[in-house]
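Working notes for the structure below.
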Amino acid sequence: MAHAAKRPYLPELDIVRAFGIFAVIMIHATSSIVAGYDHQATLYPLYIFLNNFTKFAVPVFIFLSGFVLFYNYYDKPFTAKTIGQFYKKRMSKILLPFLIFSFLYFGFTRLAQFGFTDVQTFIGYFTTTKFLKMLVIGKTYTHLYFVVIIIQFYALAPLMLFAVKRFPSLGKHIVWIGLLVQWLFIYKLIALLHLKSPGSYSFTYMFYFTAGAFIGIYYLKLAEWINLTRKNITPQKIIATIALWLLFLSSSLVMVYFYYESRVHKISIINTDLLELVDELRCVTAGIVLLQVSFWIYTSWNKWAVRALLHIGATSFGIYLVHPVILFLYRKINVSGEPLLYHVWAAGGFMIALLVPWAIVSLCAPFKWHWLLFGPLPSKKKQPAAPSQPSIQA
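The number in this note's numbering is simply the position in the sequence shown, starting from 1, with 4 added.
This is the structure we're talking about:
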């Protein structure tokens, strides 16, 4: 097969990554507040909103994974060499950081819970079946399940690419096939197989991955519908964009309202099966909306703001890995009593959990070993307009 022309690089995707990591940190920074703050307080609904509105975060990263992998690999020849290079490139970027941080976080939690007695006891924590089970499903710390999901998608991606290249018509149907797989898993197989951690399985997120894959395959045809400009705008595209944003905002607000009623009044206003459909709509539209926003930001915002977003996006995998321990330590600060001080502390948690990991990862970038901890990072000599990010970059 002749080599197809290389598709243009899309630096705007790093801005999507930046918004994704903002959402992740917002969820984690407000989680303890939503759980423990006075439910009748005036600002409690705001914390509910900030915590729940941003819960598109992981699905959007998975959506972007599907987009980037299929965008970059769909036109390439599918050979044993290509597959081998794919697995080597993908897994080397994500497996080692995952394993290292899994050990670090598990050790950290053992020390925080039990303290240090002796070396033998500490090493013994890592030789138990409990640790191995938690490692496999990404539960050595609360956020590592996402990395396990991405590893699973990396394992599946070449098989899916082979299928859509061998049978091109499958590409047109990949979204609803992914949705059916996700529904089958969520509504049937989880209960049938008695799975205790369904969130650690890629099938729970298959709809988002295949939706991203569809846009990645057909992006060159869909680009003018996603990236609206004065030159390509039409009434049809305006209507489609308005409909997209209305679906995203309405589904997001339904999710926020449901969560608020559930938390504050202990009532369920929507059947949970229906709520799953609303959440799926919210998350998949969020992926497309963030693509649109990122294209606009890249061409319209101040260049320094754009560069900052690009760099945050390029280092987002490292920020994701590091930020929980920063939040853990930050929460040791006692701010009980003064309401105003509490809200300042809450805002500070978000900023600290973003800026400190960003600084740590950025300072590690010049060292050759940085990929062991954080995967590939943008170098100082190279503006992060074309980074390589392990969780979602091909």
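Each residue gets a CB set at the ideal place from its N, CA and C atoms; glycine is no exception. Nothing here was measured: the structure is a model prediction, and the numbers come from that model.
Item: Taking C-beta to C-beta, are Ser272 and Phe157 nearer than 7 Å?; Value: no
Item: Mind checking Trp362: buried by the 16 CB within 10 Å criterion, or exposed?; Value: buried
Item: Name the two residues that bound the continuous alpha helix (DSSP H) containing Gln44.; Value: Segment: none, Gln44 is in no alpha helix (DSSP H) and carries neither H nor E.
Item: Does the segment 170-185 come into contact with the segment 214-234, if we say contact requires no fewer than three beta-carbon pairs (one atom in each stretch) closer than 8 Å?; Value: yes
Item: Are the Cβ atoms of Phe213 and Ile66 separated by less than 7 Å?; Value: yes
Item: Considering only their Cβ atoms, is the gap separating Ala61 from Gly24 smaller than 7 Å?; Value: yes
Item: Could you name each continuous alpha helix (DSSP H) segment of 4 residues or more that falls completely within the segment 162-243, going from the start of the chain to the end?; Value: 173-188, 210-221, 223-230
Item: For Val293, is the classification buried or exposed, using 16 other Cβ atoms within 10 angstroms of its Cβ as the cut-off for buried?; Value: buried
Item: Just verifying my parser: in three-state terms, what is the DSSP assignment at Tyr145?; Value: coil
Item: Cα-Cα, which of Leu100, Gly88, Val64 is closest to Pro380?; Value: Leu100
Item: Which residues in the same chain have their Cβ closer than 7 Å to the Cβ of Ala22, if we skip the five residues on either side of it in sequence?; Value: Leu313, Ile316, Gly317, Ser320
Item: Under 7 Å, do Ile438 and Ser206 count as touching if we go by C-beta distance?; Value: Shown here, the chain extends from 5 to 398; a query on residue 438 therefore has no answer.
Item: Could you have a look at Thr131 and say whether DSSP puts it in helix, strand or coil?; Value: helix
Item: Look at the alpha carbon of Val268 and the alpha carbon of Thr208, and state the distance between them as a whole number of angstroms.; Value: 28 Å
Item: Looking at C-alpha atoms only, which residue of Leu279, Asn231, Gly353 is the closest neighbour of Phe262?; Value: Leu279
Item: Going straight from the alpha carbon of Phe71 to that of Tyr91, what length do you get?; Value: 17 Å
Item: Enumerate in chain order the residues of its own chain whose CB-to-CB distance from Tyr41 is below 7 Å, with the five nearest sequence positions on each side excluded.; Value: Tyr48, Tyr51
Item: Assuming Glu342 is part of the alpha helix (DSSP H), what are its boundary residues?; Value: Premise fails: Glu342 is in no alpha helix (DSSP H) and is neither H nor E.
Item: From Asp283 to Tyr75, what does the alpha carbon distance come to, in whole angstroms?; Value: 25 Å
Item: Please list, in chain order, all residues of the same chain as Glu16 whose beta carbon is under 7 Å from its beta carbon, the five residues on each side excluded.; Value: Ser298, Phe299, Tyr302
Item: Taking 7 Å as the cut-off, decide whether the C-beta atoms of Ile330 and Ala357 are in contact.; Value: yes
Item: Out of Ala247, Asp18, Ala39, Phe189, which one is the CA nearest neighbour of Val310?; Value: Asp18
Item: By the 10 Å Cβ neighbour count, where 16 or more other Cβ atoms means buried, how is Gln89 classified, buried or exposed?; Value: exposed
Item: Would you give the residue range spanned by the alpha helix (DSSP H) that Arg267 belongs to?; Value: That residue, Arg267, is in no alpha helix (DSSP H); it is neither H nor E in DSSP.
Item: Could you give the DSSP three-state label for Ile19: helix, strand or coil?; Value: helix
Item: Return the residue from the list Asn306, Met138, Ala45, Leu115 that minimises the CA-CA distance to Ser201.; Value: Met138
Item: Taking C-beta to C-beta, are Val260 and Phe26 nearer than 7 Å?; Value: no
Item: Can you tell me whether DSSP reads Ile356 as helix, strand or coil?; Value: helix
Item: DSSP three-state call for Gly57: helix, strand or coil?; Value: The amino acid occupying residue 57 in the given sequence is Phe; Gly does not appear at that position. It is helical.
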